[in-house]
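The sequence shown lines up with residues 1 to 388 when you count with full-length UniProt numbering. Backbone N, C-alpha and C define an ideal beta-carbon position, used for all residues, glycine too. Read through the structure below, which is laid out as structure tokens, and then see the notes.
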Amino acid sequence: MPDLRILDDDIFDRLQERYVNERRSKKVDNCYGRFITASLRCICGAPMHMNRNSRSGVISCSTAVVGGECQPAWPLSSAETTRSILTILRDEIFDPERRADWNNMICHDWEMRMAAVDPQRAEITAELERIDNAVKLTPEPVFDDLAPGIFAVRNRLEMEQIDLAEKLDALYEPPPPNLLRADEVERLRNACARMITRLPEIHLRDVDEDVKRRLREILPAIVLATDLKTQRYEIRMLLGVPGAGTTRILPEASSPRWIVRSFPKPAKGALRFPDTVLAQHRRAERGEFAISDHDWEGIKHLFMASHRKGADARLVAEALIFHRLTAVPLSMLPERYYGLAEEACLRLRKVSARMMDILRSRGSNRMRTLLEPFKSTSAHHVYAHPAP
């Protein structure tokens, strides 16, 4: 008979702690651009929820996660949404020729909103004065039978005073202290372009802290909606004021600060991130995946049975390295490897894994450095080596 005694509490706690720590250590440190999509909301008004167990960072309405009525038309990944947002920032908001228009729009919208809340501010100010006078007329409590009642009246008036003061503070926003400057627009535009080429994986450590702070201020609110009939999804972005912090009062939907753009349903595979594929192509054209004479001597025997000899066989090996490191499909090889896709596909299952092992163990220093981020031999290791 097996021993069915219950474990002691301390042993159970230690085993549980070890199990939890092991599971946590296996999580991939990948934010999928969370510093951008953190302010993302559904069209119903609820915040979006990200499934962190999914490699692509699938996002959906938080009410749908708990079984609510709001259901998205199809699952969207955080990386795809981030690419659409960064594209709008790069091509429109950070367009140098439109900087003056955006600044004028921000100033005009601020003036209109301040004019609309002036009557509310005057009403709250008058109410605060009335409460202040009532507090002054309330007698100071003494330790007698009337003390509890006087304390209750004063506490109620003071709580009303605090609530009204918070409402008054929320109705006021300082004038735009720091609009979009020419040098800042250029810097942020370059940062967005660089992040686009690093999708689908953007790590927080790769983004400057000031850039993250500015992007949060420029986009304080983002609304996402999907449409099953048109197979498109819509992004509504609120243009914020740099330097003014998070906007506490959202303008009306008709405000020109709401930028609305519609995008088609994302393509499948590598075409979801064309900028990343083109960046990898440029790396190949610069010769970053080229095989040196020393590396070729170590793997040449794997390609000797091929009908391609010499330079062609060497290019096939280089095309395989490009494919394994970037996950760009063989049907989208750069022009440098034009015409080699069929041979590379033939050799992929036969020699590529062995070739990678040889280069990792006996390759040149440059090749070992290139292969260092490549931790898996799986052909489905998507974008293991993102573009610099």
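Original post:
Around the Cβ of Glu252, are there at least 16 other Cβ atoms within 10 angstroms (buried) or fewer (exposed)?
Top reply: Translated into positions along the sequence shown, residue 252 becomes position 252. The residue in question, Glu252, is exposed, as its Cβ has fewer than 16 Cβ neighbours within 10 Å.
**OP:** Pick helix, strand or coil for Phe322, following the three-state DSSP scheme.
**Re:** Taking the sequence shown and counting its residues from 1, one reaches residue 322 at position 322. Phe322: helix per DSSP, three-state reduction.
Subject >> Heavy atom of the ligand ZN within 7 angstroms of Pro200 beta-carbon >> reply: You won't find the ligand ZN in this model; it holds no ligand whatsoever.
Original post:
Taking buried to mean at least 16 other C-beta atoms within 10 Å of its own C-beta, is Ile222 buried or exposed?
Top reply: Working through the sequence shown from its first residue, we reach residue 222 at position 222. Counting Cβ neighbours within 10 Å, Ile222 comes out buried, since at least 16 surround it.
**OP:** Just tell me which of Pro274, Ala313, Leu278 and Leu320 has its CA closest to the CA of Ala79.
**Re:** As a working mapping, residue 79 is identified with position 79 in the sequence shown. The residue with the shortest Cα to Cα distance from Ala79 is Pro274.
Original post:
Between the C-alpha atoms of Lys229 and Pro264, what's the straight-line distance to the nearest angstrom?
Top reply: Working through the sequence shown from its first residue, we reach residue 229 at position 229. Working through the sequence shown from its first residue, we reach residue 264 at position 264. Approximately 11 angstroms, taken between the alpha carbons.
Subject >> Alpha carbon of Phe322 to alpha carbon of Val207, nearest angstrom >> reply: Against the sequence shown, residue 322 aligns to sequence position 322. Against the sequence shown, residue 207 aligns to sequence position 207. Going from the Cα of Phe322 to the Cα of Val207 covers about 26 angstroms.
Original post:
With distances taken between CB atoms, is the gap from Ala344 to Ala319 smaller than 8 angstroms?
Top reply: The residue labelled residue 344 in the question sits at position 344 within the sequence shown. The residue labelled residue 319 in the question sits at position 319 within the sequence shown. Yes.
**OP:** Just tell me which of Thr369, Asp169 and Trp258 has its CA closest to the CA of Leu128.
**Re:** As a position in the sequence shown, residue 128 is number 128, starting the count at 1. It is Asp169 whose Cα lies nearest to the Cα of Leu128.
Original post:
Which residues bound the beta strand (DSSP E) around Cys107?
Top reply: By one-based count along the sequence shown, residue 107 stands at place 107. No beta strand (DSSP E) holds Cys107; the alpha helix (DSSP H) holding it covers Arg99 to Leu137.
Subject >> Start and end residues, beta strand (DSSP E) containing Met332 >> reply: Along the sequence shown, read from residue 1 onward, the residue named residue 332 stands at position 332. Counting along the chain, Met332 falls outside any beta strand (DSSP E), and DSSP gives it neither H nor E.
Original post:
Taking the alpha-carbon positions, what's the Arg286 to Ile85 distance?
Top reply: Here residue 286 is taken as the residue at index 286 of the sequence shown, counted from 1. Here residue 85 is taken as the residue at index 85 of the sequence shown, counted from 1. About 29 angstroms.
Subject >> Distance between Leu325 and Leu199 (C-alpha atoms, nearest Å) >> reply: On the sequence shown, position 199 is the one that residue 199 refers to. On the sequence shown, position 325 is the one that residue 325 refers to. Distance between the alpha carbons of Leu199 and Leu325 is about 15 angstroms.
Original post:
Under the three-state reduction of DSSP, which class applies to Cys70: helix, strand or coil?
Top reply: Counting from one through the sequence shown, the residue named residue 70 turns up at place 70. The answer is coil: DSSP assigns Cys70 none of H, G, I, E or B.
Original post:
To the nearest angstrom, how far is it from the Cα of Cys107 to the Cα of Arg98?
Top reply: On the sequence shown, position 107 is the one that residue 107 refers to. On the sequence shown, position 98 is the one that residue 98 refers to. Between the alpha carbons of Cys107 and Arg98 lies a distance of about 15 angstroms.
Original post:
Over what stretch of residues does the beta strand (DSSP E) that includes Leu238 continue unbroken?
Top reply: The count along the sequence shown starts at 1 and reaches residue 238 at position 238. Element bounds for Leu238: Arg232 to Leu238.
Original post:
Can the beta-carbon of Met356 be found closer than 8 angstroms to that of Leu340?
Top reply: The count along the sequence shown starts at 1 and reaches residue 356 at position 356. The count along the sequence shown starts at 1 and reaches residue 340 at position 340. Cβ distance not < 8 angstroms, so Met356 and Leu340 don't count as in contact.
Subject >> Nearest neighbour of Glu158, chosen from Leu179, Leu171 and Lys136 [CA to CA] >> reply: The residue labelled residue 158 in the question sits at position 158 within the sequence shown. Minimum Cα distance to Glu158 is reached at Lys136.
Subject >> According to DSSP, residues forming a beta bridge with Met48 >> reply: Start at 1 with the first residue of the sequence shown, and residue 48 comes out as number 48. BP columns for Met48 point to Cys61.
**OP:** Grab me the residues of Pro119's own chain with a C-beta within less than 7 angstroms of its C-beta, minus the 5 sequence neighbours each way, in chain order.
**Re:** In the sequence shown, counting from the first residue as 1, residue 119 sits at position 119. Cβ within range, chain order: n/a, list empty.
Original post:
Between the beta-carbon of Arg213 and the beta-carbon of Met105, is there less than 8 angstroms?
Top reply: Sequence index remark: in the sequence shown, residue 213 carries index 213 (1-based). Sequence index remark: in the sequence shown, residue 105 carries index 105 (1-based). Against a cut-off of 8 angstroms, the Cβ pair of Met105 and Arg213 comes out as no contact.
Original post:
Bridge partners of Ile259, per DSSP?
Top reply: Translated into the one-based positions of the sequence shown, residue 259 becomes position 259. Bridge partners of Ile259: Met237.
**OP:** Using the Cα positions of Ser352 and Met304, report the straight-line distance between them to the nearest angstrom.
**Re:** For the purposes of this step, residue 352 is taken as the residue at position 352 of the sequence shown. For the purposes of this step, residue 304 is taken as the residue at position 304 of the sequence shown. Each residue's Cα considered, the two are about 14 angstroms apart.
**OP:** Would you give the residue range spanned by the alpha helix (DSSP H) that Thr276 belongs to?
**Re:** Taking the sequence shown and counting its residues from 1, one reaches residue 276 at position 276. Counting along the chain, the alpha helix (DSSP H) containing Thr276 begins and ends at Pro274 to Glu285.
**OP:** Give the range of the alpha helix (DSSP H) segment to which Ala225 is assigned.
**Re:** Within the sequence shown, residue 225 is the residue found at index 225, counting from 1. Where Ala225 is concerned, there is no enclosing alpha helix (DSSP H), although the beta strand (DSSP E) it sits in stretches over Ala221 to Asp227.
**OP:** Take the Cβ of Val260 as the centre, count every other Cβ of all protein chains shown within 10 Å, and call the residue buried at 16 or more, exposed below.
**Re:** In the sequence shown, residue 260 corresponds to position 260, counting from 1. When all chains shown are included, Val260 counts as exposed.
**OP:** Examine chain C for any beta-carbon lying closer than 8 angstroms to the beta-carbon of Asn190, and answer yes or no.
**Re:** In the displayed structure, chain C is absent; only one protein chain is listed.
Original post:
The alpha helix (DSSP H) spanning residue 435 covers which residue range?
Top reply: Nothing about residue 435 can be read from this structure; the chain reaches only from 1 to 388.
Original post:
In or out: Pro47 buried (at least 16 other Cβ within 10 Å) or exposed?
Top reply: Along the sequence shown, one-based indexing puts residue 47 at 47. Per the 10 Å Cβ criterion, exposed.
Original post:
Helix, strand or coil for Glu297 per DSSP?
Top reply: Counting from 1 along the sequence shown, the entry for residue 297 is found at position 297. Looking at Glu297 - three-state DSSP - the assignment turns out to be helix.
Original post:
Using DSSP with H/G/I as helix, E/B as strand and the rest coil, what is Leu215?
Top reply: In the sequence shown, the residue the question calls residue 215 occupies position 215. Helix, per DSSP.
Subject >> Among Leu89, Arg314 and Ala327, the one whose alpha carbon lies nearest that of Leu278 >> reply: By 1-based counting over the sequence shown, the position of residue 278 is 278. Measuring from the Cα of Leu278, the nearest candidate turns out to be Ala327.
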